[in-house]
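In the UniProt record's numbering, the protein residues as written are 1 to 59. Structure, as structure tokens:
And the structure:
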């Protein structure tokens, strides 16, 4: 399965996703230890939800 697809399913899963970045990285590490931390960072950075929250944090 494609890494981005796996991350997207986890990130937007209401039961397991929508966590803080740190908690999401831990969840991915538990379920898919082969996915690198850098890959998760890049994925989270591309998500609109993360971008909106980041911008609002500086206002």
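The beta carbon of each residue, even a glycine, is placed where N, CA and C say it ideally should be.
Out of curiosity, what's the CA-to-CA distance linking residue 51 and residue 45?
Residue confidence is low: residue 51 scores 48 on pLDDT, short of 50, so the model does not pin down where it sits. No coordinate-derived value is stated.
Is residue 40 closer than 8 Å to residue 25 when the C-beta atoms are compared?
yes
Out of 7, 2, 1, point me to the one whose CA is closest to residue 30's CA.
7
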